[in-house]
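**Student:**
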Amino acid sequence: MFITFEGGEGAGKSTQAQLLEVHLRAAGHDVVRTREPGGTPGAEALRDFVLFGGHDLSLRAEVMVHFAARCDHVDRLIRPALARGKIVICDRFVDSTLAYQGYGLGQGDPQIVDLIQALGTRMGVVPDMTFVLSLPRARARARLAARGQRSDRYEAADEAFHTRVADGFDAIARAAPGRCLPISADRPADAVAHDIAARVDACLAARAATDPGPA
Ligand code: T5A
Numbered sequence: 016m017f018i019t020f021e022g023g024e025g026a027g028k029s030t031q032a033q034l035l036e037v038h039l040r041a042a043g044h045d046v047v048r049t050r051e052p053g054g055t056p057g058a059e060a061l062r063d064f065v066l067f068g069g070h071d072l073s074l075r076a077e078v079m080v081h082f083a084a085r086c087d088h089v090d091r092l093i094r095p096a097l098a099r100g101k102i103v104i105c106d107r108f109v110d111s112t113l114a115y116q117g118y119g120l121g122q123g124d125p126q127i128v129d130l131i132q133a134l135g136t137r138m139g140v141v142p143d144m145t146f147v148l149s150l151p152r153a154r155a156r157a158r159l160a161a162r163g164q165r166s167d168r169y170e171a172a173d174e175a176f177h178t179r180v181a182d183g184f185d186a187i188a189r190a191a192p193g194r195c196l197p198i199s200a201d202r203p204a205d206a207v208a209h210d211i212a213a214r215v216d217a218c219l220a221a222r223a224a225t226d227p228g229p230a
C-alpha cells in the first residue's frame, strides 16, 4: 500500500507521516517512511540542488529535476519496498510537482501541466491514498516561524504563489476524489492523526476482507 501526504509548507505533513508510521508499526505492519524531493542518496543530492542551490532553471528543466529525483526514489526505494509487501508512506509525490511547478510557477500553463501529468503516469506507481492537508497560510507561516529552520526557495516565494499552490491542491483533490482525502490540519496534531489512522485502518481492513490469502 502506497500512502502519500500533500499540502502546503507547514501544514503538518511530516508530523502526520511520522504519527501514521508509529500507528501502523504498533499494529504490526512493515512500514517505510520517506519524502520527496529526496528519499535516496541521489535524490537527496537533487533536493539540495533544487531547493537550496540558487540555480535559475527554466520551468521545464525544474520539472525534470523533480522527476529525475523521483525516478531514482521510485526505482531504488518505493517500488522495491511495495514489491516486498511493505506499506510506503511518502511525504509529497507527483501531486506536489503539479501544485508547485504546474499551478504555482506555471500558473496552470496547459503545456507544463500536460508534461507533469504525462511524466506522472510513467512513474509506475500510483498512491492508493493521498491525504491533502489544508491550513490557512497565516497559520502555516506561524508554525514554520516557531520551528525556525532555514527557508527553501519555494517557502520564500510570494503569497500569490502560495495561493496558486493551495488552489492547485484543491483542484487535484477534486479531480481524484477516490484517491485524495482532504484533511483540515487546523487542529491539534493528535486529532488530525486520529482521522488519518481511521481512514487507513478502514482501507487495510477492506483489503484484508477481499484478500484470498495464499493459495
Ligand atoms: N516541491 C516538492 C516542489 O516544488 N515540487 C515537487 O515535486 C516536490 C516533491 C519541499 C519543498 O519542495 C517543493 C515543496 C516544498 O516547498 P520540504 O522541506 O520537504 O520542502 O517542505 P515541506 O514538505 O513543506 O515540509 P515542512 O516541514 O516545511 O512542512 P510540513 O511537513 O507540512 O510540516 P511539519 O510536520 O514539519 O510541521 C511544521 C511545524 O508545525 C508543527 C510541527 O511540530 C513543526 O514545528 N505542527 C503543528 N503545530 C500545531 N498543530 C499541529 N496540528 C501541527 N502539526 C505540525
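All you need for this note's numbering is the position in the sequence shown, starting with 1, plus 15. Each residue gets a CB set at the ideal place from its N, CA and C atoms; glycine is no exception. Since the model is a prediction, treat every value here as computed from it, not as a measurement.
Enumerated in chain order, which unbroken segments of the beta strand (DSSP E) with a length of 3 residues or greater are wholly contained in the segment 97-124?
**Tutor:** Runs found: 102-106.
**Student:** Any heavy atom of the ligand T5A inside 7 angstroms of the beta-carbon of R137?
**Tutor:** no
**Student:** Return the CA-CA distance between D87 and P95, expressed in angstroms with no decimal places.
**Tutor:** The alpha-carbon separation between D87 and P95 amounts to approximately 12 angstroms.
**Student:** With distances taken from CA atoms, which of A224, V80, R152 is nearest G22?
**Tutor:** R152
**Student:** Using a Cβ-Cβ cutoff of less than 6 angstroms, which residues in the same chain neighbour T19 once the five nearest sequence positions on both sides are dropped?
**Tutor:** C105, F108, P142, T145
**Student:** Bridge partners of T145, per DSSP?
**Tutor:** T19, C195
**Student:** If you follow the alpha helix (DSSP H) that V78 is part of, which residue opens it and which one closes it?
**Tutor:** 74-88
**Student:** Smallest Cα separation from D182: which of F67, D110, R48?
**Tutor:** Of the candidates F67, D110, R48, the one whose C-alpha sits nearest the C-alpha of D182 is D110.
**Student:** Is the beta carbon of V128 closer than 8 angstroms to that of G139?
**Tutor:** no
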